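Novice:
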Amino acid sequence: MRTELKDQEYFKTYFESQLDDTEYYNDALENGEVKEDRILAVRRKIFTISLHTLIAKYSSGYAVSELRNEFGNVVTAFEHGWKDRGNTPEDNMYFDNYLLVLWMLSLGFLLDIESSAFERIVKVLDDSGRKDFFFDYIIKSRLSSRIISEEIIYPDQFLFLNELIKTKDISKMKIYLDKQWYKRMKLTYWYDNHKSKTNTFFGYWSFESGALVKILGLDDSLLKSQQYYPYDMVHWQD
Numbered sequence: 061m062r063t064e065l066k067d068q069e070y071f072k073t074y075f076e077s078q079l080d081d082t083e084y085y086n087d088a089l090e091n092g093e094v095k096e097d098r099i100l101a102v103r104r105k106i107f108t109i110s111l112h113t114l115i116a117k118y119s120s121g122y123a124v125s126e127l128r129n130e131f132g133n134v135v136t137a138f139e140h141g142w143k144d145r146g147n148t149p150e151d152n153m154y155f156d157n158y159l160l161v162l163w164m165l166s167l168g169f170l171l172d173i174e175s176s177a178f179e180r181i182v183k184v185l186d187d188s189g190r191k192d193f194f195f196d197y198i199i200k201s202r203l204s205s206r207i208i209s210e211e212i213i214y215p216d217q218f219l220f221l222n223e224l225i226k227t228k229d230i231s232k233m234k235i236y237l238d239k240q241w242y243k244r245m246k247l248t249y250w251y252d253n254h255k256s257k258t259n260t261f262f263g264y265w266s267f268e269s270g271a272l273v274k275i276l277g278l279d280d281s282l283l284k285s286q287q288y289y290p291y292d293m294v295h296w297q298d
């Protein structure tokens, strides 16, 4: 277990319910039972279920190598089910959508997925017209020709990453993760999910922090027991 907020029995039930939901939605699509104007929403639901399940598996203690093997299915679901608000850069990108993309890029990097799979994630992002410094910073670690945008879509929540890039100061990052990171996630749909009476909790992880630390090659031993820092995912290839 990598979280103390739930036990193995909870996760067993969680995985069963997520599998049931996925089968239900896939069957509905295959049988033509979904109205045309609802197909994309159902495909998006399949994507979020697949991503949440993978994160929950990390939370419950699955080997990271096993998650790497499963991530390709998440990428496919992302391709089929992704759409943020509108199709033009002028539309606001909802914070939840921003995080989903940031997670996909961070996980793709941390899991060291095949270049072709990583490029598929990038294509979905580029097709949406979104530009963000942190998106591009992670992408450039895999695609060296990537031009990094100066725009930061959500500076209040992620300026600490910019500080890390500039200072390489892990101790400051630890303070932020300890005292601020979770509070800054209050606008998300998953905030305080561990208190819900339904099975919606999948874990609280700052995968973006792990990705940046690994890209920068920093000593993160100070963060080994930090509750939101995905230490095992950063070091699974060590």
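Count along the sequence shown starting at 1, add 60, and that's the number in my numbering.
All C-beta atoms in this analysis are idealised placements derived from N, C-alpha and C, irrespective of residue type, glycine included.
Nothing here was measured: the structure is a model prediction, and the numbers come from that model.
Give the range of the alpha helix (DSSP H) segment to which A101 is assigned.
Specialist: The residue you call residue 101 lines up with position 41 of the sequence shown. Taken as a continuous stretch (DSSP letters only), the alpha helix (DSSP H) holding A101 covers I99 to S120.
Novice: With a 10 Å radius around its C-beta and 16 neighbouring C-beta atoms as the bar for buried, classify K72 as buried or exposed.
Specialist: As a position in the sequence shown, residue 72 is number 12, starting the count at 1. When all chains shown are included, K72 counts as exposed.
Novice: Using DSSP with H/G/I as helix, E/B as strand and the rest coil, what is F267?
Specialist: As a first step, residue 267 is located in the sequence shown; it is residue number 207 there, counting from the start. Three-state result, F267: helix.
Novice: Under 8 Å, do M233 and L247 count as touching if we go by C-beta distance?
Specialist: For the purposes of this step, residue 233 is taken as the residue at position 173 of the sequence shown. For the purposes of this step, residue 247 is taken as the residue at position 187 of the sequence shown. In this structure, L247 does not lie closer than 8 Å to M233 by Cβ.
Novice: Compare the beta carbon distance of K200 and I208 with 8 Å and say whether it is the shorter of the two.
Specialist: Taking the first residue of the sequence shown as 1, we reach residue 200 at position 140. Taking the first residue of the sequence shown as 1, we reach residue 208 at position 148. With contacts defined as CB atoms closer than 8 Å, K200 and I208 qualify as a contacting pair.
Novice: Rounded to whole angstroms, what's the CA-CA distance from F267 to S166? Just pull it up for me.
Specialist: Locating residue 267 in the sequence shown gives position 207, where the first residue counts as 1. Locating residue 166 in the sequence shown gives position 106, where the first residue counts as 1. Here the alpha carbons of S166 and F267 stand approximately 6 Å from one another.
Novice: Whole angstroms are fine: how far does the CA of T82 sit from the CA of Y118?
Specialist: In the sequence shown, residue 118 corresponds to position 58, counting from 1. In the sequence shown, residue 82 corresponds to position 22, counting from 1. Cα to Cα, Y118 sits roughly 19 Å from T82.
Novice: Nearest by alpha-carbon distance to D238: which of Q78, P290, M245 and Q286 is it?
Specialist: Counted from its first residue, the sequence shown places residue 238 at position 178. Of the listed residues, the one whose Cα sits closest to D238 is Q286.
Novice: Kindly indicate which residue of F75, E139 and F107 has the alpha-carbon position closest to the one of N259.
Specialist: Start at 1 with the first residue of the sequence shown, and residue 259 comes out as number 199. Taking only the C-alpha atoms, the option nearest N259 is F75.
Novice: Three-state secondary structure (DSSP) at I213?
Specialist: Taking the sequence shown and counting its residues from 1, one reaches residue 213 at position 153. Three-state DSSP puts I213 in coil, outside helix and strand.
Novice: Quick check on the burial criterion: 16 or more other C-beta atoms within 10 angstroms. Buried or exposed for L203?
Specialist: Walking along the sequence shown from the start, residue 203 turns up at place 143. L203 is exposed by the Cβ-count criterion.
Novice: Just tell me which of A177, W296 and E90 has its CA closest to the CA of V134.
Specialist: As a position in the sequence shown, residue 134 is number 74, starting the count at 1. Closest option to V134, Cα to Cα, is A177.
Novice: Give the secondary structure of I199 by DSSP, where H, G and I count as helix, E and B as strand, and everything else as coil.
Specialist: On the sequence shown, residue 199 is found 139 positions in, with the first residue counted as 1. Three-state DSSP puts I199 in a helix.
Novice: Within 10 angstroms of the Cβ of I115, are there 16 or more other Cβ atoms? Answer buried if so, exposed if not.
Specialist: Translated into the one-based positions of the sequence shown, residue 115 becomes position 55. That one is buried.
Novice: Buried or exposed: where does Q68 fall if 16 or more other Cβ atoms within 10 Å of its Cβ makes it buried?
Specialist: Sequence index remark: in the sequence shown, residue 68 carries index 8 (1-based). It is exposed - the Cβ of Q68 has fewer than 16 other Cβ atoms within 10 Å.
Novice: Look at the alpha carbon of W250 and the alpha carbon of G92, and state the distance between them as a whole number of angstroms.
Specialist: Taking the first residue of the sequence shown as position 1, residue 250 is located at position 190. Taking the first residue of the sequence shown as position 1, residue 92 is located at position 32. Roughly 31 Å between the two C-alpha positions.
Novice: Cβ of F262 within 8 Å of Cβ of L65?
Specialist: In the sequence shown, residue 262 corresponds to position 202, counting from 1. In the sequence shown, residue 65 corresponds to position 5, counting from 1. Not closer than 8 Å, so no.
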